[in-house]
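Asker: Just dropping this structure here.
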Amino acid sequence: MILSLAWFRRFCIVNVPLVATGLLTLSLLLILLLVVAKGMAHFSVKPIYQVTHPAFASTVLAMVEQRGENQSTLHWFNPIDKELQSTQIELVNQQLERLPQIYGLKTRTGKILFARDIQLGEKPFSKAEWQRQLDENKIFAKQIEQLNTKIYPLELRFAQYSQQSIPYTAPVFVRLSAELHNLHEQKRQLHIEQQQNQALIQFTDDISEVFSVSDIALVWQPNDMSFGDKIWFSIGEIWRFITSDHNASSGSAGIFPALFGTILMVFLMTVFVMPIGVLTAIYLHEYAPENYLVTGIRVIIINLAGIPSIVYGVFGLGLFVMGLGVQLDQAFYAQNLPSPTFGAPGILWASITMALLTLPTVIVATEEGLQQVPQALRNGALALGATKYEAIRFNVLPMASPNILTGAILSVARAASEVAPLLLVGAVIYAPTLPVDDTFPYLHLERQFMHLGVLIFDSVFHSSNTFDNQSMMFAICLLLIIVVLSLNLLAAILRAKLRQRYERYS
Amino acid sequence: MVKLFKSSRPALKKLGAEEIAVEMSELSVYYGKKIVLDNISMVIPKHRITSLIGQSGCGKTTLISSMNRMNDLNKNHRCTGSVIIDGQNIHNKKVNVAKLRTQVGMVFQTPNPFPMSIYDNVAFGLRLQKEIPRRQLDEAVERALKSAVLWDEVKDQLFASAAILSGGQQQRLMIARALALKPKILLLDEPTSALDPLATLHIEELMQSLKKTTTIVMITHNMQQAARLSDYTAFFHQGELVEYADSDKLFTQPKHKQTEDYITGRYG
Numbered sequence: 395m396i397l398s399l400a401w402f403r404r405f406c407i408v409n410v411p412l413v414a415t416g417l418l419t420l421s422l423l424l425i426l427l428l429v430v431a432k433g434m435a436h437f438s439v440k441p442i443y444q445v446t447h448p449a450f451a452s453t454v455l456a457m458v459e460q461r462g463e464n465q466s467t468l469h470w471f472n473p474i475d476k477e478l479q480s481t482q483i484e485l486v487n488q489q490l491e492r493l494p495q496i497y498g499l500k501t502r503t504g505k506i507l508f509a510r511d512i513q514l515g516e517k518p519f520s521k522a523e524w525q526r527q528l529d530e531n532k533i534f535a536k537q538i539e540q541l542n543t544k545i546y547p548l549e550l551r552f553a554q555y556s557q558q559s560i561p562y563t564a565p566v567f568v569r570l571s572a573e574l575h576n577l578h579e580q581k582r583q584l585h586i587e588q589q590q591n592q593a594l595i596q597f598t599d600d601i602s603e604v605f606s607v608s609d610i611a612l613v614w615q616p617n618d619m620s621f622g623d624k625i626w627f628s629i630g631e632i633w634r635f636i637t638s639d640h641n642a643s644s645g646s647a648g649i650f651p652a653l654f655g656t657i658l659m660v661f662l663m664t665v666f667v668m669p670i671g672v673l674t675a676i677y678l679h680e681y682a683p684e685n686y687l688v689t690g691i692r693v694i695i696i697n698l699a700g701i702p703s704i705v706y707g708v709f710g711l712g713l714f715v716m717g718l719g720v721q722l723d724q725a726f727y728a729q730n731l732p733s734p735t736f737g738a739p740g741i742l743w744a745s746i747t748m749a750l751l752t753l754p755t756v757i758v759a760t761e762e763g764l765q766q767v768p769q770a771l772r773n774g775a776l777a778l779g780a781t782k783y784e785a786i787r788f789n790v791l792p793m794a795s796p797n798i799l800t801g802a803i804l805s806v807a808r809a810a811s812e813v814a815p816l817l818l819v820g821a822v823i824y825a826p827t828l829p830v831d832d833t834f835p836y837l838h839l840e841r842q843f844m845h846l847g848v849l850i851f852d853s854v855f856h857s858s859n860t861f862d863n864q865s866m867m868f869a870i871c872l873l874l875i876i877v878v879l880s881l882n883l884l885a886a887i888l889r890a891k892l893r894q895r896y897e898r899y900s
Numbered sequence: 033m034v035k036l037f038k039s040s041r042p043a044l045k046k047l048g049a050e051e052i053a054v055e056m057s058e059l060s061v062y063y064g065k066k067i068v069l070d071n072i073s074m075v076i077p078k079h080r081i082t083s084l085i086g087q088s089g090c091g092k093t094t095l096i097s098s099m100n101r102m103n104d105l106n107k108n109h110r111c112t113g114s115v116i117i118d119g120q121n122i123h124n125k126k127v128n129v130a131k132l133r134t135q136v137g138m139v140f141q142t143p144n145p146f147p148m149s150i151y152d153n154v155a156f157g158l159r160l161q162k163e164i165p166r167r168q169l170d171e172a173v174e175r176a177l178k179s180a181v182l183w184d185e186v187k188d189q190l191f192a193s194a195a196i197l198s199g200g201q202q203q204r205l206m207i208a209r210a211l212a213l214k215p216k217i218l219l220l221d222e223p224t225s226a227l228d229p230l231a232t233l234h235i236e237e238l239m240q241s242l243k244k245t246t247t248i249v250m251i252t253h254n255m256q257q258a259a260r261l262s263d264y265t266a267f268f269h270q271g272e273l274v275e276y277a278d279s280d281k282l283f284t285q286p287k288h289k290q291t292e293d294y295i296t297g298r299y300g
């Protein structure tokens, strides 16, 4: 009776969950694999080919992206406009030629150039010579910087003198202007010397241009790299990706402001949500009377977690930005009106909105932790003359701390990965300034900020189709996953340590 | 029997005012509508060990809890009558409960060490009271641990977690924790119910030595323990005080049939 109904039922009970779990694990691994593979490809060294094709009048330098059988996307360098352009084209292998002596260059502004040859002054290009000239330029830059610090106070004094209407012929003035003139002359000399380190870049046989060495950020020869060189180059690319500025217009593809914005927003969110969440949970669990009102509040809090996040975005926009922010502006920043200070989307409102969004998580997790603390422990403290507050502060909270930490981590993970509400309350695709800088009050809560998730959103739908756009999207995804996962890992370790410390008492 | 009549303990009714630690009169306690203690009037003599016996659920724990107002934690709780300690009715609303509980220490049935080191466990109550210099705190902790006969066993691991101690050691740590506050009255809720005979012996010896300075009220289910250890014994049945007398008298010549049945084990 193998095919009886009972057998079938048993078979299903065992195997359906098994298959479902297997599929889930598989799909999760596949997502991770896709993101890791595609994201890491962003940092790989791609060869530059010399392409001969009837679509181009002469041969061009290009990176090739395969799309199906014969179709390829060609990211070719247009030597006249000095820009990369993308073309869909049908290619055969004979049209590609991989010459070792081809350079890729990145300028300080983020432009990418492909060149056939580089001349450094009189000499041909070499790593050592390049480095020497760069170092030389750095020294010049430093000297110029030093001169600037000398010139600036003198200029100030010059301005003061002219304000006090001291005649130009007065001896102080004469001495001062002579000194200033001297310093400016020195500075000019340095600039000239700096400009002398020049690179002649040969794009085609007849098109070439002279660049100052300090304008060029990076030179590489993708077709002539050993395996070690490639790895080293990739590591450098990752570093530049994380640390450099983002500028969509010039194509500079660093994501530092977005990473910084994400972390700062999450940090501020934690600062807002943790005290409120933990205190609410303590009140609900320890102090609140048992009645329908409190039960109702608890149910509402749990259900808040199910509200779509975009609704929180709209709520934040309506209440915080348009309500509170506008009121704040009228009360304290009236001198700036009509340009808004807090009456516009900004990182403060974004983090408060996110704090609201993650509040239920923290409250529920904390309450769970408080429930796990044995009543005997509270009684023990109370019997020693502790007040209720002291018993909670010294005995209950430490034992609930693993759960509080769990709540914090869940909320951080949620806040770091949520995009929809941020689009409404302060995250932008490009923010010219970071929310933290060196002008008072250092932390500018009213500023808009960049966010990794928003950047992903943007690179999918809106940005121009530059050659590394898609792979950059995956690279940002990878980074976001790494940020969230490492936060989770950190919390898991901390939580395990705390649990170990307290489990013997409960 | 000869010894019995030479007892140094005064009869309960002849106690002078300065010999009384706690005086309860017409104390009734209700949980919701259920009456747990019914019109109890009794005195606890000073610097003696008083045992409370009776079957589970007869209100013994409620009675000692009402001596330091641990009853308050139960939200359904309501009580009438008075409990007078040092001339003050402690059920008065104006009494500082935290202060009262430092004067009337309580040790629970199962040890409940705090998740801290042994030292911090003992210092917990002291630190709550006021800022004490480290050296004085050290001395107080040592004194408390010594009077709980635990010092020799833990002096090398004072800063180890309290969870590493055995059950008997933990129970003595609980007593040390209460003693550190130098309470006038110590309430013990079945302090040896979970302990082996040797640990029980330790605690009994400890109680005998504590008697000189502290009034001890103890709940126990062990008749032998009550008989050999305590000076006075009270028998409760279903919230009522059935018999309260000198231990020797209660265990040898009980007046009530119920008491006799209970102590001889013929009864529930």
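Residue numbers (the working numbering), protein chains in the order written: chain C, 395 to 900; chain Z, 33 to 300.
For glycine and all other residues, C-beta sits at the position ideal for the given N, C-alpha and C.
1. Using a Cβ distance threshold of 8 Å, determine whether the stretch 546 to 560 of chain C contacts the stretch 473 to 492 of chain C, with at least three qualifying pairs required.
2. For chain Z, is any of its Cβ atoms less than 9 Å away from the one on R367/C?
3. Just list the alpha helix (DSSP H) runs in the stretch 163 to 243 of chain Z, keeping only unbroken ones of 4 residues or longer that don't cross its boundaries, in chain order.
4. Within its chain, find whatever has a CB closer than 7 Å to the CB of Q465/C; leave out the 5 residues flanking it on each side and keep chain order.
5. Would you call the CB atoms of F834/C and L658/C closer than 9 Å?
6. Using a threshold of 9 Å, state whether the C-beta atoms of V607/C and Q592/C are closer than that.
7. For the stretch 773 to 785 of chain C, which residues have a beta carbon sitting closer than 8 Å to at least one beta carbon of chain Z?
8. Using only alpha-carbon positions, find the residue among E491/C, M434/C, E459/C, L428/C that is nearest to T453/C.
9. Strictly under 9 Å for the Cβ-Cβ distance: is A642/C near chain Z by that measure?
10. When you compare the CB of R133/Z with every CB in chain A, is at least one pair closer than 9 Å?
11. Could you work out which residues of chain C lie near A266/Z, taking near to mean beta carbons separated by less than 7 Å?
12. Taking E50/Z as part of the beta strand (DSSP E), name the residues at either end of that continuous run.
13. Is DSSP giving N531/C helix, strand or coil here?
14. Looking only at its chain, what residues have a beta carbon closer than 6 Å to the beta carbon of Y896/C, apart from the 5 residues adjacent to it on each side?
15. Kindly list the residues whose CB is nearer than 7 Å to the CB of T94/Z, restricted to its own chain and excluding five residues on each side of it in sequence; keep chain order.
16. Going by beta carbon distance, what residues of the same chain come within less than 8 Å of K287/Z, once the five residues before and after it are set aside?
17. Using the Cα positions of T563/C and E573/C, report the straight-line distance between them to the nearest angstrom.
18. Since M255/Z is in the alpha helix (DSSP H), which residue starts that stretch and which ends it?
19. Please report the distance separating the alpha-carbon of S745/C from that of T760/C.
20. How is H469/C classed by DSSP in three states: helix, strand or coil?
21. H269/Z lies in the beta strand (DSSP E); which residues open and close that run?
22. Please list the partners that R7/Z has in chain C, where partner means a Cβ-to-Cβ separation under 7 Å.
23. Which residues does DSSP pair with P77/Z in a beta bridge?
24. Could you spell out the range, first to last residue, of the beta strand (DSSP E) harbouring I117/Z?
25. Can you name the residues of chain Z whose CB is closer than 8 Å to the CB of N789/C?
26. Hey, is L105/Z's beta-carbon within less than 9 Å of any beta-carbon in chain C?
27. How long is the line joining the alpha carbons of Y943/C and L455/C, rounded to whole angstroms?
28. Please decide whether G157/Z counts as near chain C, where near means a Cβ-Cβ distance under 9 Å.
29. Who are the Cβ neighbours of I695/C in its own chain at under 7 Å, not counting the five residues just before and after it?
30. Give me the chain Z residues within the contact set of A770/C, using Cβ-Cβ distance strictly less than 7 Å, ordered along the chain.
31. Taking Cβ positions only, does E684/C come closer than 9 Å to chain Z?
32. Going by DSSP in three states, E549/C sits in which element: helix, strand or coil?
33. P796/C CB to nearest chain Z CB: under 9 Å?
34. Using CA atoms only, rank isn't needed, just tell me which of L750/C, L731/C, A699/C is closest to L713/C.
35. To which residues does DSSP link N121/Z through a beta bridge?
36. Please confirm if Q161/Z has its CB atom under 9 Å from at least one CB of chain C.
Answerer: Walking through what the data contain:
1. When Cβ pairs closer than 8 Å are counted between the two stretches, the stretch 546 to 560 of chain C is seen not to touch the stretch 473 to 492 of chain C, the count staying below three.
2. Residue 367/C cannot be examined here, being either before or after the span of chain C that is shown, 395 to 900.
3. Fully enclosed alpha helix (DSSP H) runs of 4 or longer: 166 to 179, 183 to 186, 199 to 211, 229 to 242.
4. Q482, E484
5. no
6. yes
7. N773, G774, A775, L776, A777, L778, G779, A780, T781, E784
8. E491/C
9. The predicted model places A642/C with a pLDDT of 49, which falls under 50 and marks its position as unreliable; any figure quoted below should be read in that light. No, its Cβ sits nowhere closer than 9 Å to a Cβ of chain Z.
10. As a matter of chain content, chain A is missing from the structure shown, whose protein chains are C and Z.
11. Under the 7 Å cutoff, chain C gives no residues; its nearest Cβ is about 22 Å from A266/Z.
12. First-last for E50/Z: undefined, no H or E at that position.
13. helix
14. M793
15. V61, V68, L69, N103
16. E275, A277
17. If I take the Cα positions, the gap works out to 15 Å.
18. 255 to 261
19. Distance from the CA atom of S745/C to the CA atom of T760/C, rounded to whole angstroms, is 21 Å.
20. strand
21. 264 to 269
22. Because chain Z is modelled from 33 through 300, residue 7/Z falls outside the range shown and cannot be assessed.
23. Bridge partners of P77/Z according to DSSP: I52/Z.
24. Unbroken beta strand (DSSP E) run through I117/Z: 109 to 117.
25. F146, P147
26. yes
27. Absent from the structure is residue 943/C, since the part of chain C shown begins at 395 and ends at 900.
28. yes
29. P754, I757
30. F140, T142, N144
31. yes
32. Shown here, E549/C sits in a helix according to DSSP, grouped into three states.
33. no
34. L750/C
35. Bridge partners of N121/Z: I116/Z.
36. yes
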